[in-house]
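Trainee:
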Amino acid sequence: MVKKGGGVRTLLVADPHGDYSQILAHGPRAKRIIIAGDLEPPDDLRTILGPLADKTWYILGNHDAEKPEQLARLESMSERCLHRKVVRIGDLRVAGLNGVFNGKILNASGVDRIEDMEDLSVCIPTREAWLQKRRLGMEHVTAIFKEDLEAMAEMEADVLILHEAPECHPNGFQMLGDLARYMGVRLVLHGHHHEHYEGWIEGGIKVLGLGTPGGIDPATYLDEGLEWLEDVYPFPSG
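Sequence positions in the sequence shown follow our numbering and run -1 to 236.
#1: Go through the segment 149 to 222 residue by residue and report every complete run of the alpha helix (DSSP H) that reaches 4 residues or more, in order.
#2: Could you spell out where the beta strand (DSSP E) holding residue 104 opens and where it closes?
#3: Can you tell me whether residue 222 is buried or exposed? The criterion is at least 16 other CB atoms within 10 Å of its CB, across all chains shown.
#4: Would you decide whether residue 88 is buried or exposed? Buried here means 16 or more other CB atoms lie within 10 Å of its CB.
#5: Considering only DSSP beta bridges, list what residue 56 is partnered with.
#6: For residue 122, which residues from the same chain have a beta carbon less than 6 angstroms from its beta carbon, with the 5 sequence-adjacent residues on both sides left out?
#7: Below 8 angstroms, can you find three or more Cβ-Cβ pairs linking the segment 20 to 29 to the segment 37 to 45?
#8: As a quick exercise: from 69, 53, 52 and 181, pick the residue whose alpha carbon is nearest that of residue 36.
#9: Is the CB-CB distance between residue 112 and residue 165 below 8 angstroms?
#10: Between residue 170 and residue 108, how many whole angstroms is the CB-CB distance? I'm expecting something under 8 angstroms.
#11: So for residue 118, helix, strand or coil by DSSP?
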């Protein structure tokens, strides 16, 4: 929810689904912008964002690879994708993980632990292995692979940007909470479910779920799809 501005601000956004009006309206006030997936830009992303492009980071959501042209529209800003990276944003180390779990790639249930990946009935561990299976379509490029979780578990970060939700959400995944704990994360941001909420998971990790930009909370009249990072981090352990 967009609150009062002031100081150095980082705008958090999820699931614009091709509607950039709220990002373009609030983005000029921000020092940095982070988009948590399902961008679906109707044109080249850098062209849409204009002067906001060089201060924007993003991850991919499940809808961002449904058609080849969707990925093509992101190519001009491919270096700004946070997937399997840790970048310094202000004083914080921010990491990102693209996509969602897909049963054809990594058949994880909501309660499976990250240590149990080897025991799953379906596990295509790497993108290289996936590319060799020609029957799987391009939409699987935004699936979470075993190699992604293994690589990121070796990283350290303060904030983890996800599209998929961790275990505090009814449709979330324990593996993502495990990943956050391995990384020493204190705040997880996710989209995908179009719900604005705050929660906690084991390890004193705060979770922020975002709605879609332009969705107004009837109780507060604030935008459910936008938030300022500095309003939710730092915080006392919960």
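For each residue, glycine too, the CB sits at the ideal point set by N, CA and C.
These numbers come from a predicted model, not from an experiment.
Mentor: Taking the definition as stated:
#1: Restricted to the segment 149 to 222, the alpha helix (DSSP H) segments that are unbroken, complete and at least 4 residues in length are 172 to 181, listed in chain order.
#2: No beta strand (DSSP E) holds residue 104; DSSP gives it neither H nor E.
#3: With 16 or more Cβ atoms within 10 Å of its Cβ, residue 222 is classed as buried.
#4: In this structure residue 88 is exposed. Its beta-carbon is surrounded by fewer than 16 other beta-carbon atoms within 10 angstroms.
#5: The partner list for residue 56 (beta bridge, DSSP) reads 33 and 79.
#6: Correct list, in chain order: 103 and 128.
#7: No, the segment 20 to 29 does not touch the segment 37 to 45.
#8: The shortest CA-to-CA distance from residue 36 to any of 69, 53, 52 and 181 is the one to 69.
#9: Cβ atoms of residue 112 and residue 165: not closer than 8 angstroms.
#10: Contact between residue 170 and residue 108 holds: CB atoms are separated by about 6 angstroms, below the 8 angstroms threshold.
#11: For residue 118, the secondary structure class from DSSP, reduced to helix, strand or coil, is coil.
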